[in-house]
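For the record, in the sequence shown the residue sitting at position 508 is 495 according to my numbering, with numbers rising by one throughout. Here a beta-carbon is modelled for each residue, glycine too, at the ideal position from N, C-alpha and C. Bear in mind that the values here come from a model prediction, so they are computed numbers and not experimental data.
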Amino acid sequence: MIQDTILSKELNTLRSFKGKFEEDKKEIPYFALRQILVELCNHLLTQSEYEIRSFRREIREKLGDNIHLLTQFIPEIVNLLEVHSVSSDYQSQKDDQFLFVVILRFLSSCFNRHNPALLILDDVQWADSASLTLIEFISRQTEWEGMLFVFICRNEEEHSDFLNSFRERILNSEILLQEISLNPLDPMMIRNYVTDSLDLQEEDTKKLTEILYQKTNGNPFFLNQFFNNLYTESYIQYQKSSGIWSLDWDQIIKKTVTENVLDLLTEEITRLPENTQKLLKVAACVGNLFDLGILYRYFQNSPEIIETGIRECIKQGIVIYQESQVSLYPVLQILKKENAEGLDKNKLFEGIMFRFSHDKINQVIVESIFSEQRAEIHKNLAWFLVESDLVSSKQERIQEIANHLVKSQKIINSKEDLEVFNRYLVLAGNLAKLSAAFNTAYNLFSLLKKKITEESWTERKDQCIQIYKSFAESAYFLSKTFEAEDTVQVLLSKLHDRIEIADVYLMQLEVMNAKNDLDGAYKVGLKALKSLNVQFPEKPGIWILTLEFLKMIYYQRGRSPERLKEAKKIRTLIR
-12 MIQDTILSKE
-2 LNTLRSFKGK
8 FEEDKKEIPY
18 FALRQILVEL
28 CNHLLTQSEY
38 EIRSFRREIR
48 EKLGDNIHLL
58 TQFIPEIVNL
68 LEVHSVSSDY
78 QSQKDDQFLF
88 VVILRFLSSC
98 FNRHNPALLI
108 LDDVQWADSA
118 SLTLIEFISR
128 QTEWEGMLFV
138 FICRNEEEHS
148 DFLNSFRERI
158 LNSEILLQEI
168 SLNPLDPMMI
178 RNYVTDSLDL
188 QEEDTKKLTE
198 ILYQKTNGNP
208 FFLNQFFNNL
218 YTESYIQYQK
228 SSGIWSLDWD
238 QIIKKTVTEN
248 VLDLLTEEIT
258 RLPENTQKLL
268 KVAACVGNLF
278 DLGILYRYFQ
288 NSPEIIETGI
298 RECIKQGIVI
308 YQESQVSLYP
318 VLQILKKENA
328 EGLDKNKLFE
338 GIMFRFSHDK
348 INQVIVESIF
358 SEQRAEIHKN
368 LAWFLVESDL
378 VSSKQERIQE
388 IANHLVKSQK
398 IINSKEDLEV
408 FNRYLVLAGN
418 LAKLSAAFNT
428 AYNLFSLLKK
438 KITEESWTER
448 KDQCIQIYKS
458 FAESAYFLSK
468 TFEAEDTVQV
478 LLSKLHDRIE
488 IADVYLMQLE
498 VMNAKNDLDG
508 AYKVGLKALK
518 SLNVQFPEKP
528 GIWILTLEFL
538 KMIYYQRGRS
548 PERLKEAKKI
558 RTLIR
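Here it is in structure tokens:
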């Protein structure tokens, strides 16, 4: 509603890009911010060839070798910049500020005071911690212009703590924060709504207004749903013979006493055909935004469920088609054809996007699904995405697959299923570390760590080592030092190979250097040297320092910095 209000204004050159956080996807880092950046990349690709070439040149000059960080963060940008996607070795982004600088430079290349944009982030109360940190970072910088951020947050009691915290973080920045609170509709507004909708006598208008206000508390969405429900139930009818509206007051009053608005939504959905309800349950498990491609994979053996279900949902106002260059109804006709020669249906349907008209509808549908059935749907969705990932290897799907697997973990029992579960959660955790989303990485590796048994150390030792190391690393970055140290000690007790032990100490050194904990890094370095049978005094005296200094001078004799730089690297394996 807020976005529609904003965009209804006559803004000549202002473009808007929107991202929406979802409660069900809080573990996917930068979920809404990525939506904005992907939409921005698609928009830039529509510009002239000259503009695209100029943009590529500017980005390469601004970012240099750091452009690979951008391609890892937004894989879709590869087509725009005509660069090769760098194969990541999944090293953690040790400094989130560095990544944030790269993102901000990209945005500042896209927008300026002559080419401004409106960036809308909806449902910020469900944002992940990495997104909030990035938002705070941008708000503290002064060397950018041409971007107006609109943060939409629910002003409900359950979100009050978050709202106060978010407000405080932004207020401490260099930008101006203007708050706009949307109050519920008052009785006069509801009265105008009734008057515009129905031609009633004054007394009936007043009575219906009071009932609607009492029932909905002025919530516009609830008001519309409840009002439509009264008409659907024939409690409000138009008498063609007399040309007036008749109201069944007994039924209207009874309904207000025994039911609430969420019940009304549930009621409307249960009246839909059974196949349409099946479609909605799967779509709701995908999220607020879903595409025809995943529905087609799910209902591939019964495509008529999609064709009739989508039409019914759009007719009832339950889902909204996201306008694109593809016309919807010809695509729905293709669903009916068993053999559409020359068409890759999976690829065609993937870009056809829909969204639920309101979060509450999505919520009601998800809550109506039994726990076991919901887990089964998430598992099937994960498997369809895994099959698709094996074909296209799209990095951005990994987090989505992991999210579905986490929600279906209680029914993942077989060895094959557990292998897929572990593989994708490790990949998702590594991607989270790569983008400095250590909270998400911590949660994923914590879940994996709990599933490790003594047998696991025998059957898949390398993966267990990686999980323990990554969990400890994430814990260090989140200042959960006790957990990190405890995990490292357990891990070291499982290792006997010196190289594996050295890798653990190296991880600790990198984290402590990144956090500027030089004293801690020094102590870890001593332990690492000791594990390699290299003795080094904890507090070397002046004579030892002098001796080492003289050794350094001796070994550098006749070697200039240039010669040392060109010298071949020597790798010594110590076991």
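Check: Inter-residue CB distance, N333 and G280 (contact presumed, cutoff 8 Å); Outcome: 6 Å
Check: Cross-strand partners of I223 (DSSP beta bridge); Outcome: L234
Check: Burial state of K565 (16 or more Cβ within 10 Å); Outcome: Nothing can be reported for residue 565, as the shown portion of the chain is limited to -12 through 562.
Check: Exposed unless 16 or more other CB atoms sit within 10 angstroms - verdict on P524; Outcome: exposed
Check: For A459, the nearest candidate out of S433, N215, T440, R447 (CA to CA); Outcome: S433
Check: C-beta atoms of L106 and F136 nearer than 8 Å; Outcome: yes
Check: 6 Å Cβ shell around A424 - same chain, five flanking residues per side excluded; Outcome: P16, A117
Check: Exposed unless 16 or more other CB atoms sit within 10 angstroms - verdict on Q360; Outcome: exposed
Check: The stretch 491 to 499 / the stretch 524 to 543 touching (three or more Cβ pairs under 8 Å); Outcome: no
Check: Own chain, CB closer than 6 Å to R2, minus 5 neighbours either side, in chain order; Outcome: A104
Check: Residue from K502, S518, P174 whose Cα sits closest to the Cα of L565; Outcome: Since the first residue shown for the chain is -12 and the last is 562, residue 565 is missing from the structure and cannot be characterised.
Check: I307 (DSSP reduced to helix, strand or coil); Outcome: strand
Check: Which of helix, strand or coil DSSP assigns to A104; Outcome: strand
Check: Three-way DSSP call (helix, strand, coil) for T559 in this model; Outcome: At T559 the pLDDT is 48, less than 50, meaning the model places this residue with poor confidence; the figure from the coordinates comes in the next sentence. Correct three-state label for T559: coil.
Check: DSSP beta-bridge partners of V407; Outcome: The partner list for V407 (beta bridge, DSSP) is empty, contrary to what the question assumes.
Check: Same chain, Cβ closer than 7 Å to N426, neighbours up to 5 away in sequence not counted; Outcome: D115, S116, A117, L465
Check: Member of P260, I307, N275 whose CA lies at the smallest distance from the CA of E291; Outcome: P260
Check: Given 8 Å, three or more beta-carbon pairs between the stretch 287 to 304 and the stretch 266 to 275; Outcome: yes
Check: Beta carbon of L217 nearer than 8 Å to that of I231; Outcome: no
Check: Distance between L150 and E190 (C-alpha atoms, nearest Å); Outcome: 42 Å
Check: Rounded straight-line distance, which links the Cα of Q522 to that of E535; Outcome: 14 Å
Check: D173 in three-state terms, based on DSSP; Outcome: coil
Check: At least 3 beta-carbon pairs within less than 8 Å: the stretch 87 to 99 vs the stretch 42 to 60; Outcome: yes
Check: Cβ-based neighbour list, K13, same chain, cut-off 6 Å, excluding 5 preceding and 5 following; Outcome: W113, D115
Check: Beta carbon of K636 nearer than 8 Å to that of N275; Outcome: There is no way to answer for residue 636, as the model of the chain reaches only from -12 to 562.
Check: Cβ neighbour criterion (16 or more within 10 Å) applied to Q386; Outcome: buried
Check: M134 classed as buried or exposed, judged by whether at least 16 other C-beta atoms fall within 10 angstroms; Outcome: buried
Check: Neighbourhood of L372 by C-beta distance below 8 Å, restricted to the same chain and skipping five residues each side; Outcome: I281, R384, E387, I388, H391
Check: Sheet register partners of S3 (DSSP bridge); Outcome: L105
Check: Own chain, CB closer than 6 Å to D506, minus 5 neighbours either side, in chain order; Outcome: none
Check: Candidates I61, K323, L252, S547, of which the one nearest S344 by Cα; Outcome: L252
Check: Which residues DSSP lists as bridging V373, in chain order; Outcome: For V373, which the question treats as bridged, DSSP gives no partner whatsoever.
Check: Alpha carbon of P548 to alpha carbon of I540, nearest angstrom; Outcome: 13 Å
Check: Proximity of Y455 and L478 at Cβ, strictly below 8 Å; Outcome: yes
Check: Cutoff 6 Å; reference Q224; Cβ partners in own chain excluding five residues on either side; Outcome: S233
Check: Supposed close pair E123, R156 - CB separation, criterion 8 Å; Outcome: 5 Å
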